[in-house]
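Structure first, then comments.
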Amino acid sequence: MKHTISALMENRPGVLRRLAGLFGRRGYNIDSIVASTTEDHELTRMTIVVDCSEELIEQVLKQMSKLQEIREVENVTDAPVISRQLLILKLKSTINNRGDILQLAQAFRAKVADIRSDSVIIEATAEDSVMESMIETFRPYGIISMMKTGTVVLKK
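Take a look at the structure:
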């Protein structure tokens with residue numbers, strides 16, 4: 102099962118490496134990791150999405166909380182949160198299908214970032230499930246390239 106961890110830590114060099122090492126040494130694959138300073142530049146908030154069992158996530162949380170730089174750590178998988186990702190998608194486009202692509206982008210509340218004679222780049226911010234739906238919807242048009250950020254969450 103995928104678990105989402107939210108951690109608040111001191112904003113110091115090496116903390117991200119230590120956390121990634123904690124997961125790597127135990128053989129857990131990190132699906133997504135995002136870190137950024139908070140309203141207090143002394144602190145960083147990190148969101149980590151990992152696929153593992155309930156027992157293993159409890160071990161990870163205990164081990165993370167033992168790190169000196171960690172102020173708070175919580176499994177927010179089932180908590181009420183706002184969750185988002187950013188997707189930038191470059192699609193093949195012709196004069197014949199450009200209108201369809203733009204209409205679909207509007208339906209997904211995506212923004213058009215660039216239009217060329219042979220391509221369209223759109224950007225969207227949404228929950229992971231919406232992103233996957235968007236990717237599958239645009240796949241038949243021909244995805245040239247794409248980039249998706251990791252998940253960011255904030256408890257309500």
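According to the numbering used here, the stretch in the sequence shown is residues 102 to 257, in order. Quick reminder that beta carbons are idealized off the backbone N, C-alpha and C, glycines included.
- In the displayed model, K167 falls within coil according to three-state DSSP, outside both helix and strand.
- For secondary structure counted as the beta strand (DSSP E) over 3 or more consecutive residues, the region 157 to 215 holds these complete runs in sequence order: 171 to 176 and 182 to 193.
- Excluding sequence positions up to five before and after H104, its CB lies within less than 6 Å of the CB of V151, I158, N176 and T178, all in the same chain and listed in chain order.
- Here M232 is not near I189, since their CB atoms are 8 Å or more apart.
- Measuring C-alpha to C-alpha distances from D215 to each of A208, E224, Q207 and G200 identifies E224 as the nearest.
- In this chain, the beta strand (DSSP E) harbouring S107 covers K103 to E111.
- Under DSSP, V116 shares a beta bridge with no residue.
- DSSP, reduced to helix, strand and coil, places R126 within a helical segment of the structure shown.
- Here D229 carries a helix assignment [DSSP, helix/strand/coil].
- In the three-state reduction of the DSSP assignment, E140 falls in the coil class, being assigned neither a helical nor a strand state.
- Its Cα nearest to that of L144, the residue S107 stands out among K167, E155 and S107.
- Residue I149 holds the alpha-carbon nearest to the alpha-carbon of F124 among I149, E111 and T139.
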